[in-house]
Every structure is written in C-alpha cells, then in structure tokens.
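For reference, the structure is listed below as structure tokens.
Residue numbers (UniProt numbering): 1 to 136.
Okay, structure coming up:
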C-alpha cells in the first residue's frame, strides 16, 4: 500500500474513532437539531479543515525543529498523559449521557437567551462559542 493511501486511511480511521462521543460531536448533533443544518455542517467542516491543516503543520514542523529523539519522547509522554487523563475521566464516572445532558442544558440556556430565533449562521456560532467558552 502506498504511503499516501496508508496515511490517509490511518488518519481517517483515527479521526473518526476519536470524534465519536466527543464533546464537539454532541454539540454538533444538538446544534443540527436546533439550527439550519447547512450552517452547522459548514461550520463543522471548516473547523475540521482548519484543525487538520494545523495538525499537519505541527506534525511536519515538530520533527524539523526539534530533534527526532526528543519529538519521540515528547509525543510518548503526551500519549500516556492523555491516556491517563481519559482513564481518570472514565473512572470518575462521567459518562456520555451526563456530558450530553450538560451540552443540552447549556444550549437550551443559549436558545432561551436568544428567544429561539436562530435562523442565521451568526446565532449558531454565538451559541456554539458561548457553549465552548463556558465548558472550558
């Protein structure tokens, strides 16, 4: 298998697996239920494109700016750190149902604050950014 095809399939699989059940997955699903789907889809695709470009640039630049040995050690530490963080979240008992309820509650509050009149893309962006800001 060519390296281009192999890189594409691996990145596609990893991205799909990591995004299912993610906070942004729930936010996009709920936003699509409450706002025009074409605005939500456009926003999600634009964000994914921007993040993919940034990730590719960092993936290209890191080994070129930092010695390959240090890049390997740093990425290994980050991998284990995020893995332990995910396990900690899992053991604390915060499941996807609770996360979904939290996202719905925050979007409901934004929906009521805007009096449910979100027919254009700017309202969708405002409610999403206010959700993400309050979630961090």
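We put the CB at the ideal spot given by N, CA and C, even for glycine.
- Query: Exposed or buried, what is residue 72 when buried is set at 16 or more other beta-carbons lying within 10 Å of its beta-carbon?
  - Reply: exposed
- Return the Cβ separation of residue 40 and residue 31 in integer angstroms, given the expectation that the two are a contact with Cβ distance under 8 Å. 5 Å
- Message: Does residue 23 come out as helix, strand or coil in the three-state DSSP assignment?
- Response: helix
- Between the beta-carbon of residue 28 and the beta-carbon of residue 44, is there less than 7 Å? In terms of Cβ geometry, residue 28 and residue 44 form a close pair [threshold 7 Å].
- residue 65, buried or exposed, once every other Cβ within 10 Å from all chains shown has been counted against 16: Result: exposed.
- Message: For a minimum of 4 consecutive residues, which ranges assigned as the alpha helix (DSSP H) are wholly contained in the region 25-72?
- Response: Contiguous alpha helix (DSSP H) elements confined to the region 25-72 occur at 37-65, taking only those with 4 or more residues.
- Coarse secondary structure for residue 86, derived from DSSP in three states: In the structure shown, residue 86 sits in a helix (DSSP, three-state: H, G or I).
- Query: How many angstroms separate the CA atom of residue 5 from the CA atom of residue 52?
  - Reply: Taking the straight line joining both Cα atoms gives about 17 Å.
- Candidates 112, 113 and 107, of which the one nearest residue 33 by Cα: 107
- Query: Do three or more CB pairs link the region 7-24 to the region 76-95 at distances below 8 Å?
  - Reply: no
- Message: Quick check: the Cα distance between residue 77 and residue 38, rounded to an integer number of angstroms?
- Response: 39 Å
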